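Since the structure comes first, as structure tokens, the remarks are kept for the end.
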Amino acid sequence: MPQELYSVEQVAQRLGLHVRTIRNYVRDGRLKAVRIGKQYRIAREDLEAFTGTSAAALEVDQQTRHVEASSIVHMDAVDRATADRISTHVIGSLNQSGIGRLRVETVYDEDRAVLKVIILGDLAPTAELLRLIEMMT
Numbered sequence: 001m002p003q004e005l006y007s008v009e010q011v012a013q014r015l016g017l018h019v020r021t022i023r024n025y026v027r028d029g030r031l032k033a034v035r036i037g038k039q040y041r042i043a044r045e046d047l048e049a050f051t052g053t054s055a056a057a058l059e060v061d062q063q064t065r066h067v068e069a070s071s072i073v074h075m076d077a078v079d080r081a082t083a084d085r086i087s088t089h090v091i092g093s094l095n096q097s098g099i100g101r102l103r104v105e106t107v108y109d110e111d112r113a114v115l116k117v118i119i120l121g122d123l124a125p126t127a128e129l130l131r132l133i134e135m136m137t
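Throughout the sequence shown, residue numbering follows the UniProt record's numbering, covering 1 to 137 in sequence.
So, in structure tokens, the structure goes:
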């Protein structure tokens, strides 16, 4: 059975990374590759081992684009009680079913009276969460 080989450019495109990043992975030994002439070739099995998923899944993932947002909400002049109330409501809102992929962390700096809410995830739930925070502040 012939072995399927990918170029560095193909692997970079599949993983959504820069070509230089893939070359660095190969040079550092993190991604196994063979050198043919002046170019590296990565075997399908080695790519699957590196990513922990099948190469076929990478092809499907590339066809369906995923967009995420990252937001940091900075609130100053917030006392501890208000910070706790906002944090509880924000974290509690994540328990809704079907909310999508969303990760939220809150950080309160008591010395500065600053609350930060860090949001990473899908666009629609991020927008909803930002509206909730706007209503609470």
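Beta carbons: idealized from backbone N, C-alpha and C, even for Gly.
No experiment lies behind these values; they were computed from the predicted model shown.
Closest in alpha carbon position to L123, among S70, G52, N24, E110, is S70. A distance below 6 Å between beta-carbons, with the five flanking residues on each side excluded, links V26 to the following residues of its chain, in chain order: A33, Y40.
DSSP places Q96 in the coil class of the three-state scheme, outside both helix and strand.
Across the structure, E110 and M135 are spaced so that their CA atoms are roughly 23 Å apart. Secondary structure of R27 (DSSP, three-state): helix.
Taking 3 residues as the minimum length, the beta strand (DSSP E) runs contained wholly in the segment 93–133 are 102–109, 114–122, in order along the chain. Under the DSSP assignment, A43 falls in the beta strand (DSSP E) whose first and last residues are 39–43. V78 and L115 do touch by the CB rule: their CB atoms are close to 5 Å apart, below 8 Å.
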